[in-house]
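Enquirer: Encoded as structure tokens, here's the structure I'll be asking about.
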Amino acid sequence: MLSIVRSFDLVLLEEDEHYVSDSACSILSKFPCETHQSDWCEYLDFLSEHDQSPNTCKFVISTQIKTAIQKGRIRIGTKSLIFEPDALDSCILKLHFQHITCIYDCMNVKNGVFVSCKQVKAIPSAIYNGKTRFVSAYDVHSVKNVSIVLNASGLITSGKCKITLPSYCFVFVFGNETVQKQQLKEFRNLWECFKSNVHVDYTLGNFNGFSPTLICNREKILLGCKGAAEARDIFCWRLKRMVRHGGFAALSDRAVYFQPCPNFSRKLCKRIPLDNILHVFRRDSGLINNGEYVTALEIISLPSRAFDSSATASRKMYRCLYIEFKRAQDREHFATALKGMIPRAFYALESRTFRREMTHLWRRGLIPNFQYLDFLNCIAGRSRYDLSRYPVFPWVISDYTSSSLDLANPRVYRDLSKPAGALNPERLQVLKNRMSGLKLADTDVLNVSTFGKNADFCECNITEGMEKACNKCLFNAWNRGYYLYGCHYSTPALIVFFLIRCFPECQLRLYGGKFDVAARTFKNVAETFSNVLHGHSSFFELIPEFYEGSDVFLRNCLNITTQDGRLGDVELPPWANNSSCQFLKMMRMALESEHVSKNLPSWIDLIFGYKQAGIESIRNDNVFHPLSYLGSVHAGKLPQSKAIQFLQSTMDPKAISVQVGEFGQAPIILFDAPHPSRLRNFVYKAETGSNNPWFIYLEQHPELIASTDQNITDFKLPRTISQHSDASHLRKLMDSAASIKTELLKPSIGPTTNIGFCCRNVAYTTTARGTCEFYILQKQNDPVSLCIGKEAQTCAAVAGQALLVGSASGILTICNLGNIFEWFSTPLNDLSNARAAGVDSGIHMYRTGIHIDTITCLDYLDGILTSGGIDETVKQFTLDDGAVKMVGCYSDLNSPLADVCGTHDLLLCAGQDGTLVLYDTRAPKTSIWSVQLDSKRSILSCYMSNLYIQVLQCSETPIVYWDVRMLNSITASGGFKRQLNIPNFAITGAACDRGNIVALCGSIRGDVGDKYALHLVDLCSGKWDAGLTLEMPEPSLVAVDTFGSGYGALVANSRGSLQAIVENARQ
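Everything in the sequence shown is counted per this note's numbering, starting at 15 for the first residue and increasing by one.
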């Protein structure tokens, strides 16, 4: 049987109040009855009886004193005590420190703490869909007359203290003396700090930081936890509408973590895999009391299988984690680390190209007005999780009284070229006259205090009105802080006004436990729009919910009851036929209409464009309080005016913080020129129209983003390439390019097919004669030859103590290097008598068939062997105790394989016809990405590092590589494809390195003849070295030393010539 449990909600705390701790306890009280002097002795007897026999006392007194004894939990904040009873039908009791008169150790009750209070708030709660909701006004109980001071003898254990009566008296009883002493100390310390107006940083010392045990196995911690390079804790707050929940953030190479402290949920932490993160936005969520900006990150992620056809309609299409950081540098460190792993997530916010592309899509009629406005709000710093910066949408319909609505009639629409405050010319003139009068009254004071004694003004100043003012006067007026509207078009109070039926808790929080008066409650659409037209303090626009499909904000589904009675549904215009769905449908159709599409750029200029601030805002009657523009100032989009400087230097920082947080902020300016008009209208169909956010809309319509590279198919990479700390071996070689030397080795016997390093200072070659030859690089001896078979040995890879060799007959030979190296003695012996066996009991070799034709390439990483062959298949095997077990087969390739690379659950395959295919090995049925390169030029090598997909082809083709961090971007434009050319250099051999350095051998064309050289190229910087001359013709093979010996690389040709690249000259 499932039991319903009430969960605590931080919305019960006061503004700027922080949660400190909690403890289980019982409460003894006569509440809601007051304790008077006349019944004080009776109250003491009641406490004594409970202490002697608590169970009996509860039974006897319960008939006289309602809820005298209750079990529950005390929640301690920096401004109040909140008792949460276990019984769901009992109200939560809130005791504000402002109204507490005394806190004592109670000797009448064992382990009790006595608290008396002049005012108590009883908070009713309800359970809806398994969640605790507050849908009724708080019941405030206040003592009317507090005049009698009574000695507290007989109640407290020591000292001379007094109690004022009448009062509400409570005794909190804890489980043991230790907890009681601790809670008593906590109560008194916080109470004294509140009375003394002392700020307490409760985040210091109360919590132990992020718990390392929450990090999943095989993840590497990067930030915010013990074990990271910088192990400092990252304290932050998770913001969700009006609630800030403290906790600790951490970052691993696979996920973002947030551990709430304290934690009221059943989950220990919130984990967002990097694979699922779609966008990351830097946010400024206001000012703190010292005037510094609060920096935040908004992380948008997709749930697993978000677009699965089997997903239910009620399932959330995305998740959002909005976290404010206590220290600004923590946000920057966190964002920098995230960007290093998934820069694609920052692309939408930071790329002007992407912004222009979205505008082009809108102009061509490919995305609706709703999604485009949602995109502009998002990029301009607006978020649905921050009520002080909620998305702004326009009023588009002006007729809310007619019985029918003809959307083809231009008269039913609002003038989008004017701000809401300028829609009524008479009211606008009144506002202008009032502002001019205010300015004229203190012109001299403003001139001197703001600009100095030599302020320069011309004769056409604001005394004659702004209509005739020149640019100089307009600029001076803007600098002086001229504004028309004292109220903004988007404020937290406005948002909770519209959303009272969805989130009644927010309005209760905003108004101290009460709902706004009935006259200011959102109850009628026509009346609300009338206030916008005629009210002298109502200049607000709409919120996106008016154009979405959900009508929850219009209906009282939660049975909300205000102090004036039950809240009704919103009264709709007559043309909606009393149907909220019909109302929203008509609103959305109006937004997507041809008339609105034609005039929407004018409104965008007012809200997001060049008419938002400066002299153009004055010309267009669109000027708000100077502190409304701090977002654009901080973002560098708007110069700081003299008025803003003056206000910041004279106002208390706390007052500025309140102004920014509660009285509205303009979006960040996006356009410094008029917004282009729409070329083609979007064909909106109400039946199939989407109400999803812009990023979900683009995810569902990937065909919208046109590719600038027609060879690259649109796709979404289903995972993220994690960063790793493996050093680049070629980078070490490149850094010491001035001192590297070459050293010729004795030639191999027979045509060479593959080269590499099998351990420190030991190299190998495979030949077409069926042998494998080993070189001890520090000695000038002849190579040691091992005969593997009669057929040609085509490729090889090293796996620990084994050398894996592929042959032209499809046979894989596993050479036991440990036994083979026993033959390496002085003088070196011939290994021709080494035998092979069909089982792992072979002294040197184990052979098995894995392909039906020639094996052309091998790769080994993390226990997985990947092979490719002429038979157009790629196979993967595990090597356990000598057993070769196939774990995957990819047979949908239409070309023999040239190279393969397996890393981090991804498999990159390069075909000899120039096809490059990427698979996710966890879902190997189909490829997740493919590209077709020039089939006339053979692929020499391919590789997938933590930054780039690399592919190297023969002849004078450019190095082609793709930024894998950008492959999850919603755009498939050529922005993540890179090319790099080395002039006059024809590539004949290549090797890739996980540090994003590639080694290229080839020929340099000259007047006398071709020369052969080795180049090292840094893909990150696009630079290459001067080149190292090779003493062999037609080099075609390159190998990189990954064992850290003094030999950085090997170069060979098919004739058997072999040359070593030495990092430092040998003595």
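Note that beta-carbon positions come from the ideal geometry of N, C-alpha and C, so glycine has one too.
These figures come from a predicted structure and were not determined experimentally.
Given this structure, state the Cα-to-Cα distance separating K537 from H639, to the nearest angstrom.
Expert: Between K537 and H639, the C-alpha separation is close to 29 Å.
Enquirer: Would you kindly work out how many angstroms separate the C-alpha atoms of F771 and C1034, rounded to a whole number?
Expert: Cα to Cα, the separation comes out at about 26 Å.
Enquirer: Have a look at S37 and E519 and give me their C-alpha separation to the nearest angstrom.
Expert: So the two alpha carbons sit approximately 24 Å from each other.
Enquirer: Applying the criterion that 16 or more other CB atoms from any shown protein chain within 10 Å of the CB defines a buried residue, is E98 buried or exposed?
Expert: Counting Cβ neighbours within 10 Å, E98 comes out buried, since at least 16 surround it.
Enquirer: Which word fits A1027, buried or exposed, when buried means at least 16 other C-beta atoms lie within 10 angstroms of its C-beta?
Expert: Buried, because 16 or more other Cβ atoms sit within 10 Å of the Cβ of A1027.
Enquirer: For A687 and Q385, I'd like the C-alpha separation in whole angstroms.
Expert: So the two alpha carbons sit approximately 22 Å from each other.
Enquirer: Enumerate in chain order the residues of its own chain whose CB-to-CB distance from V1 is below 6 Å, with the five nearest sequence positions on each side excluded.
Expert: In the structure displayed, the chain extends from 15 to 1081; residue 1 sits before or after that span and is not available.
Enquirer: Rounded C-beta distance between T880 and T808? I'm assuming under 8 Å.
Expert: T880 to T808, Cβ: 15 Å. No contact.
Enquirer: Kindly indicate which three-state DSSP category I618 falls into: helix, strand or coil?
Expert: Helix at I618.
Enquirer: Are the beta-carbon atoms of F272 and R296 separated by less than 8 Å?
Expert: Against a cut-off of 8 Å, the Cβ pair of R296 and F272 comes out as no contact.
Enquirer: Are the Cβ atoms of L872 and A806 separated by less than 8 Å?
Expert: No; because the gap between Cβ atoms is not below 8 Å, this pair is not in contact.
Enquirer: Look at the Cβ atom of F795, then the Cβ atom of T779, and state whether they are nearer than 8 Å.
Expert: Residue identity check: residue 795 is Asn in the sequence provided, not Phe. No, the Cβ-Cβ distance between N795 and T779 is not below 8 Å.
Enquirer: Would Q133 and S104 be called neighbours here (beta carbons separated by less than 8 Å)?
Expert: No.
Enquirer: Looking at C-alpha atoms only, which residue of T350, V193, L1072, R745 is the closest neighbour of L237?
Expert: Looking at the Cα atoms, T350 is the closest of the given residues.
Enquirer: Using a Cβ-Cβ cut-off of 6 Å (strictly less than) and excluding sequence neighbours within five positions of M372, which residues of its own chain qualify?
Expert: Closer than 6 Å at Cβ, skipping near neighbours: F389.
Enquirer: Under three-state DSSP, which class holds N277?
Expert: Coil.
Enquirer: Check whether the stretch 431-443 touches the stretch 591-603, taking contact to mean three or more Cβ pairs, one atom from each stretch, closer than 8 Å.
Expert: These segments do not touch.
Enquirer: Would you mind reading off the limits of the beta strand (DSSP E) that contains R333?
Expert: 333-339 is the extent of the beta strand (DSSP E) around R333.
Enquirer: Following the continuous alpha helix (DSSP H) through R366, name the residue where it begins and the one where it ends.
Expert: Where R366 is concerned, the enclosing alpha helix (DSSP H) stretches over 366-377.
Enquirer: For a test of the three-state rule: what should DSSP assign to Q443, helix, strand or coil?
Expert: It is helical.
Enquirer: What are the partner residues of F638, as DSSP defines its beta bridges?
Expert: Answer by DSSP bridge pairing, in chain order: Y499.
Enquirer: CA-CA distance, R580 and D153?
Expert: Approximately 15 Å between the Cα atoms of the pair.
Enquirer: Starting from L879 and walking both ways along the beta strand (DSSP E), at which residues does that stretch end?
Expert: Residues 878-883.
Enquirer: Quick check on L572: does DSSP put it in helix, strand or coil?
Expert: Residue state, collapsed to three classes: coil.
Enquirer: Out of K746, L961, N290, which one is the CA nearest neighbour of D1039?
Expert: Checking every option, the nearest Cα to that of D1039 belongs to K746.
Enquirer: Can you check whether the CB of R255 is closer than 8 Å to the CB of F517?
Expert: Result yes, Cβ atoms of F517 and R255 sit closer than 8 Å.
Enquirer: So the candidates are I618, C501, S1017; which of them puts its Cα closest to the Cα of W376?
Expert: It is I618.
Enquirer: Could you give the residue range of the alpha helix (DSSP H) that holds D749?
Expert: D749 -> alpha helix (DSSP H) spans 743-749.
Enquirer: Using CA coordinates, which residue listed in V672, I802, L107, G814 is at the minimum distance from A822?
Expert: Ranking V672, I802, L107, G814 by Cα distance to A822 puts I802 first.
Enquirer: Please report how far the alpha carbon of L352 lies from the alpha carbon of M600, in whole angstroms.
Expert: Rounded to whole angstroms, L352 to M600 spans 42 Å at the Cα level.
Enquirer: Using three-state DSSP, classify M603 as helix, strand or coil.
Expert: Reduced to three states, the DSSP call for M603 is helix.
Enquirer: With 16 other CB atoms within 10 Å as the buried threshold, where does G91 fall?
Expert: By the 10 Å Cβ count, G91 comes out buried.
Enquirer: Measure from the alpha carbon of K6 to the alpha carbon of each residue in E200, L907, S40, K145, then state which is nearest.
Expert: There is no way to answer for residue 6, as the model of the chain reaches only from 15 to 1081.
Enquirer: Which class does M859 belong to by DSSP, given the choice of helix, strand or coil?
Expert: Reduced to three states, the DSSP call for M859 is strand.
Enquirer: Please report the straight-line C-alpha distance between L524 and P558, rounded to a whole angstrom.
Expert: Rounded to whole angstroms, L524 to P558 spans 21 Å at the Cα level.
Enquirer: Tell me, please, whether the stretch 918-938 touches the stretch 951-969 by the rule of three or more beta-carbon pairs shorter than 8 Å.
Expert: Touching, per the Cβ criterion.
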